[in-house]
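Down below is the structure, laid out as C-alpha cells.
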Amino acid sequence: MADILKTIEDELPRGVVKSMLFEGANIVVYTDDVPFLKEGDGDIRAVVNKIKKRVELRADGKILMDKDQAEKEIRSIISEEAELTQIIFDIPRSIVIIEAKRPGIVIGKSGSILKEIKDVTHWSPIVQRSPSIKSKITENIRAALYLNNNHRRKFLNEIGEKIYADWDPSKMDMWVRMTALGGGRQVGRSAFLLQTPKSKILIDCGIDVSVQGSDKFPYLDIPEFNIDTIDAVVLSHAHLDHVGLLPYLYKMGYKGPVYMTTPSRDIAALLSLDFIGVSYKQATTPLFSSSDVTEMVKHTICLDYNEVTDITPDIRITMYNAGHTLGSAMIHFNIGNGLHNFVYSGDHKYGRTRLLDPANTYFPRVETLMMESTYGGRDNISPPRREVEEDLIQFANKVVSRGGKLLIPELGLGRSQETMLILEDAMRNGKLENVPIYIDGMIWDINAIHTAYPDFLSRNVKAEIYQDRNPFTSEIFKQIGSAQERKSVIEGGPCIVLATSGMLVGGASVEYLREFADNEKNGISFVCYQPPSGLGGQLQSGNLTEAKFDVNGKQEIVPIRLEVRTIEGFSGHSYRNELMSFVSSINPKPKKILINHGEISRSLDLGSSIYKSFKIETILPRNLETIRFR
Ligand SMILES: [Zn+2]
Ligand SMILES: [Zn+2]
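Numbers 0 to 629, taken from numbering that gives the first Met the number 0, label the letters of the sequence shown in order.
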C-alpha cells in the first residue's frame, strides 16, 4: 500500500476503512460503517488538512441501497421544480449521477438536499446540468464513460498509484527543462515536452492544418520523446492546432491520462470526429479513427478552473480561465513542491468579450511564463469593441433593409457564439431589423456544449442562462440541417446566415456564397481571418469579378456582385495592446517570458517590446530547442 494510504488509515477511527482507491490524485475512502458515512466528514477534513490532498468518503457496496429503491427515494426527495431528466448509477464507484434542468434545486441550500440523498441512500450524488439544447456529443461521451466505468475505476487508481509511488514531499532534487516540439515561432502544431527528474509531460499536441507533409506535425520523432515514458498530457484548449494529434497518440499506444476542462473534452471529441469526416471528403486517409477518439475520451481527467491537482510525484497543475474559447485554460505548473512555477498561457484573450471573461492574471507564484503572440506585432492593435460591434450591425441592417441576404462565414467554435450574442442583443433592443437568423453547420452542436457548461461562460451570459433567458435558444435563431431547409433559405426573403466553414474551405458557407454571390443586394461580412490566397482573401481584395465553384464534380462560374465587408476586431486572441497589458497586469511578475504561437516577426516584435517596457528577459524558443528553467 502506498504510504499516503497508510497515513490516512492511521488518522481515521479504527475499523471504519473498508478499502481505499485513487481516482487520479484524489483519494476515495470506502466505508461500510453507516454512522461514520453520515458523521465522518469532520475526521476526513482533519486528514485533508494534514496531507493536503483531496479525500472523499463513500459507501462500500455492501451498505448501498438497492438501485431501484434508491431511485424512488431520490425522486421523492427532489422537488419537481428541478426537472430531473436522468438518474444514472455508477456502481463500481458508489456514485449516483443526477441530471436535471435546474441543478441548483437538486443541490439545495449549502448542499442540504445532496446530504439528505447520501444519508438516506448511501450513494454519493453528483449533479449535472442537462443542456437546454440537446447535445449528441455530450450525451455520447457521458454514455461511453458510463459503459466503461470499470475500466475507468482501474485506470484512475493506477494513475494515483503512480503519483504517490514515492510520496515524500520533503525530498526533492530538482531540475526543469522544456523542449519545443511545435508552435515555436509559428502558429500551428503546438506541442511542448516538460521534463523533471520524475516527470515527462506533454503540453498540447496539435497539427498545422494549413500545410501538408511532415511540417503538419510536431517533432515527435526526436530521441527524447518516447510515447511509453510520457506520464501525462495536459491540454490548454480544443482547437486543432493544440489537440489535433491527440487521438493519434492513443492510436500509437499511449495509455496515460490527458488533463483538460470538461468543455474542452466535449469540443475536442466533436472537432476530432469532424476532422475525420473532412479527411474523407478530401479523399485522404484520416490520421485516426473514431475509436481512437473514444480512447482519448476514456483517458481524460477533467478539471475545473482553479482546481489544484497532482499529476506526477513532482508536478501539480491548476487551470485558469484563458478567455479564448469555452473551457480554454492557462495552465499553472507547480514543480517540485513550489521550487519552480511555470505558467503556459495557451491561446488567450485579455479583453472583454460577450461570451467569456478576460484571461486570469493572478497566480499564486510564477517564475517562468510562456505566452502566445498571434497578434504580437506592433500594428496588431484592436479597434474599440463597441465600434466593431456597431460596424457589424450597421452592415447587417444595410443589407437586409434593401431586401438582401447577409452571409457571415464562421468558425464553429467561439466566434460564431460571440456573433450570435451580438445579433441577439441588437435585435432584442430594436437596433437590428427583425429578420430570421439561420444557423448552419457545426455551430449548433457547439452551442449545445456552451449551454451545458454555463459556469465556463462570462458572468453575464451565465446569469442569463441561470435565469432561463438562454440567448442561444432565442427564437430568432433557426437551425438549418437538411438540403431542403437550405433551399428554403436560399429562395426565401431577407435574412442573416451564420455558416461554417469560417475560411470558406468547404462546408455550408461556400454553398450559400455560390447562391448569394450574383446579387448586388446581398452581402458577406468576414469576422475571422482569411488567408490572402484563399477565396475569402480574394473577395476581400475587391478584385474578384467571378469565382469558380465545384458542384457535384462540375465547375460552375458565378459572377461576384454581392457587397463584401471585412470587420476586424473579433479575434479570440489578445491583440498587441491586450498582450502588453496582460504582461503589465500579471501578478506576480515572472522572471522570464517565453514567447510562442506567432509568426516570427510578430514574436520578435512582442519579445523586444516586453523587454524594453518591463525589463523582463524574453526568449523565443525555436522548435527542437530546449530551455532549462532551473
Ligand atoms: Zn486556439
Ligand atoms: Zn492556437
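C-beta atoms are modelled at their ideal positions from N, C-alpha and C, and glycine is treated no differently.
Any non-hydrogen atom of ligand 1 closer than 8 Å to residue i Cβ
| i | result |
| --- | --- |
| threonine 499 | no |
| histidine 323 | yes |
| histidine 449 | no |
Delimiting residues of the beta strand (DSSP E) encompassing residue i
| i | result |
| --- | --- |
| alanine 447 | That residue, alanine 447, is in no beta strand (DSSP E); its alpha helix (DSSP H) goes 442 to 451. |
| serine 524 | 522 to 525 |
| glutamine 466 | Segment: none, glutamine 466 is in no beta strand (DSSP E) and carries neither H nor E. |
| asparagine 156 | That residue, asparagine 156, is in no beta strand (DSSP E); its alpha helix (DSSP H) goes 148 to 162. |
| threonine 195 | 190 to 195 |
| phenylalanine 21 | 18 to 22 |
| alanine 237 | Where alanine 237 is concerned, there is no enclosing beta strand (DSSP E), given that its DSSP letter is neither H nor E. |
| serine 198 | 198 to 202 |
| threonine 6 | From DSSP, threonine 6 is part of no beta strand (DSSP E) but of the alpha helix (DSSP H) over 2 to 10. |
| arginine 627 | 625 to 627 |
| lysine 477 | 476 to 479 |
| threonine 565 | 562 to 565 |
| proline 558 | 553 to 558 |
| phenylalanine 224 | From DSSP, phenylalanine 224 is part of no beta strand (DSSP E); its letter is neither H nor E. |
| arginine 364 | Careful: arginine 364 lies outside any beta strand (DSSP E) and carries neither H nor E. |
| histidine 596 | Note, histidine 596: premise wrong, no beta strand (DSSP E); not H, not E. |
Closer than 8 Å: residue i CB and nearest ligand 2 heavy atom
| i | result |
| --- | --- |
| alanine 189 | Checking the sequence, you will find serine at residue 189 rather than alanine. Answer for serine 189: yes, Cβ within range of ligand 2. |
| threonine 186 | Looking at the sequence provided, one finds valine at residue 186 rather than threonine. At least one heavy atom of ligand 2 is nearer than 8 Å to the Cβ of valine 186, so yes. |
| threonine 373 | yes |
| glycine 440 | no |
| glycine 252 | no |
| aspartate 240 | yes |
| glycine 205 | yes |
| leucine 339 | It is histidine, not leucine, that sits at residue 339 in the sequence shown. False, no ligand heavy atom lies under 8 Å from that Cβ. |
| histidine 596 | yes |
Span of the alpha helix (DSSP H) around residue i
| i | result |
| --- | --- |
| arginine 211 | Correcting the residue type first, residue 211 is glutamine in the shown sequence and not arginine. No alpha helix (DSSP H) contains glutamine 211, which DSSP labels as neither H nor E. |
| glutamate 490 | 482 to 490 |
| glycine 181 | No alpha helix (DSSP H) contains glycine 181, which is instead part of the beta strand (DSSP E) from 176 to 181. |
| phenylalanine 35 | 33 to 38 |
| glutamine 529 | No alpha helix (DSSP H) contains glutamine 529, which DSSP labels as neither H nor E. |
| glutamine 537 | 534 to 540 |
| tyrosine 511 | 507 to 515 |
| serine 68 | Serine is not the amino acid found at residue 68; the sequence shown has glutamine there. Segment 66 to 76, the alpha helix (DSSP H) holding glutamine 68. |
| aspartate 230 | Looking at the DSSP string, aspartate 230 is not in any alpha helix (DSSP H), and its letter there is neither H nor E. |
| proline 603 | The sequence as given places leucine at residue 603; proline does not occur at that position. Its alpha helix (DSSP H) spans residues 599 to 613. |
task: Please list, in chain order, all residues with a C-beta atom less than 5 Å from at least one heavy atom of ligand 1.
output: Taken from the N-terminal end onward, the list reads His238, Asp346.
Which complete alpha helix (DSSP H) runs does the segment 243 to 325 hold, if anything under 4 residues is left out?
You should have 245 to 250, 261 to 280, 289 to 297.
(message) Quick check for students: name the residue ranges of the beta strand (DSSP E) that lie wholly in the segment 567 to 594, counting only runs of 3 or more.
(response) none
Could you check whether the segment 401 to 410 touches the segment 493 to 508, counting it as contact only if at least three pairs of C-beta atoms, one from each stretch, sit closer than 8 Å? yes
Are the segment 98 to 107 and the segment 417 to 435 touching by the rule of at least three beta carbon pairs closer than 8 Å?
The way I'd put it, the segment 98 to 107 doesn't touch the segment 417 to 435; fewer than three beta-carbon pairs between them come closer than 8 Å.
Is there contact between the segment 231 to 246 and the segment 312 to 324, where contact requires at least three CB pairs shorter than 8 Å? yes
Every unbroken beta strand (DSSP E) inside the segment 370 to 425 [3 residues or more]:
404 to 408
Can you find at least 3 beta carbon pairs, one from the segment 184 to 192 and one from the segment 39 to 53, that sit closer than 8 Å?
no
Below 8 Å, how does it come out for the segment 449 to 459 and the segment 121 to 136: are there three or more Cβ pairs, yes or no?
yes
Report task. Could you tell me whether the segment 284 to 292 touches the segment 303 to 319, using the rule of 3 or more Cβ pairs below 8 Å? Result -> no
What residue ranges within the segment 92 to 131 form continuous alpha helix (DSSP H) runs of no fewer than 4 residues, ordered along the chain? 102 to 106, 111 to 120
Discussion item. Using 8 Å as the cut-off, can you tell me whether the segment 566 to 581 makes contact with the segment 381 to 396, which would need three or more C-beta pairs spanning the two stretches below that distance?
Written reply: yes
- Query: Should the segment 333 to 340 be regarded as contacting the segment 545 to 556, the criterion being three or more beta carbon pairs within less than 8 Å?
  - Reply: no
Original post:
Does the count of Cβ pairs from the segment 555 to 570 and the segment 519 to 537 closer than 8 Å reach three?
Top reply: yes
- Are the segment 601 to 620 and the segment 383 to 396 in contact at 8 Å, needing three or more beta carbon pairs? With a cut-off of 8 Å, the segment 383 to 396 and the segment 601 to 620 do not count as touching, because too few Cβ pairs lie within range.
query: Can we say the segment 146 to 158 touches the segment 21 to 35, given the rule of at least three CB pairs closer than 8 Å?
result: yes
Review point. Are there three or more Cβ pairs, one per stretch, closer than 8 Å when the segment 346 to 356 is compared with the segment 204 to 212?
Key: no
For the segment 105 to 121 against the segment 474 to 492, do three or more pairs of beta-carbon atoms, one drawn from each stretch, fall closer than 8 Å, so that the two count as touching?
Counting Cβ pairs under 8 Å, fewer than three are found: no touch.
Would the segment 255 to 268 and the segment 130 to 145 be scored as touching if the rule is three or more Cβ pairs under 8 Å?
yes
Are the segment 364 to 372 and the segment 577 to 590 touching by the rule of at least three beta carbon pairs closer than 8 Å? yes
| Are three or more beta carbon pairs between the segment 224 to 234 and the segment 249 to 258 nearer than 8 Å? | yes
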